[in-house]
Structure formats: structure tokens, C-alpha cells
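J.: If you use UniProt numbering, the sequence shown closes out at 141, no skipped numbers anywhere. For glycine and all other residues, C-beta sits at the position ideal for the given N, C-alpha and C. Only a predicted model underlies this, so the values are computations on that prediction, with no experimental measurement involved.
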Amino acid sequence: MNVGEASQIASLAKGIDKKDPTLLDKEKWFTIENLYFETDSEKLKPGSEAQLDNIAKLLTAYPTLKLKLGGYTDNTGNEESNKTLSNLRAQSAKLYLMNLGIAADRIEAEGYGSQFPVCAENDTDECKAQNRRIAVRVLSW
1 MNVGEASQIA SLAKGIDKKD PTLLDKEKWF TIENLYFETD SEKLKPGSEA QLDNIAKLLT
61 AYPTLKLKLG GYTDNTGNEE SNKTLSNLRA QSAKLYLMNL GIAADRIEAE GYGSQFPVCA
121 ENDTDECKAQ NRRIAVRVLS W
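1. Would residue 138 be called buried (16 or more neighbouring beta carbons within 10 Å of its own) or exposed?
2. From what residue to what residue does the beta strand (DSSP E) around residue 15 run?
3. Taking the runs of the beta strand (DSSP E) that are 3 residues or longer, which of them lie wholly in the UniProt domain "OmpA-like" (24-141)?
4. Output yes or no for whether 9 Å exceeds the beta carbon distance between residue 52 and residue 96.
5. Excluding the 5 residues flanking residue 106 on each side, which residues of the same chain have their C-beta closer than 8 Å to its C-beta?
6. Assuming the contact rule is C-beta atoms closer than 8 Å, residue 74 and residue 34 should be a hit. Round their C-beta distance to whole Å, please.
7. I'd like the list of long-range same chain contacts for residue 29, defined as Cβ closer than 6 Å, with 5 residues on each side in sequence excluded.
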């Protein structure tokens, strides 16, 4: 994998390798850095695919690993639309992984709308871009 040693994906990989039981905590999410979406779209911004490729490598290296993808939006628009869009984003990421050969039953995907922002201010373009994201958590190994 081509990820920084301090990245959340690297932390996830190390935890999986050690079978760290805290990874199974349903509150333990890892934001996939550098995976961003266009505003009001489930379309990935250019360059974002590399991080999903890294997730696919993890799933390939650990054939019994099951993950959940959480999709998120910024706070633009109403929450019902944001929930729908975030679900489309999570499903888009899942489809990308499936197109790389990962079985559908190894990946769950759910949208959470603008809940749980990583940039709480949510008031600048940069901050909003950080909130349009995908996070991942371990379901089982």
C-alpha cells in the first residue's frame, strides 16, 4: 500500500495485522484521507481512487475481513437530501471496490448525512470538502 505511516489507513492496517480487538468497537471509524467528492455529487474528485485501491489491498490481504463504509456530506442543503447523497457516496465507494474484485458481502455501506463532521465549523469550502468523505470501520475478521 502507498499510504503515509501516520495515516488512518496505515493505523487501520496495523490494527488488523495485530487483530487489535478495539478495532471491532462500532464507534471506531477511520477517515479515508484524500478521498473527496464533488459538491452535491457521489462523483469522486480526481486522485481519490488511490485510497480506495488501498482499501481493496487490505481486503485482498485479509480475505475474511469485512468492513463498513460510512458516507458523509457537508451541511449544505437539507438533511434528508444529505442523507440520500451520503448513502450514494458510500454505495459509490462500495461499487468501486466491487469493480476491483471485492465481494459485495464483505462491504457494508451506509450514509450518515451531515452528522459527525470532521470539521465542525463547516463554514468554508476547505472545511466542507473535509466533511464530504468516506470513513471505514472493521465489522469482523
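T.: Quick answer:
1. The residue in question, residue 138, is buried, as its Cβ has 16 or more Cβ neighbours within 10 Å.
2. Counted as a single uninterrupted DSSP element, the stretch harbouring residue 15 is not any beta strand (DSSP E) but the alpha helix (DSSP H) occupying residues 8-17.
3. List check, beta strand (DSSP E) in window: 66-71, 107-111 and 134-140.
4. The criterion of a C-beta distance shorter than 9 Å is satisfied by residue 52 and residue 96.
5. Closer than 8 Å at the Cβ level, and outside the excluded window around residue 106, lie 59, 65, 66 and 67.
6. About 17 Å separates the CB atoms of residue 74 and residue 34; that is not less than 8 Å, and the two are not in contact.
7. These residues qualify, in order along the chain: 135 and 137.
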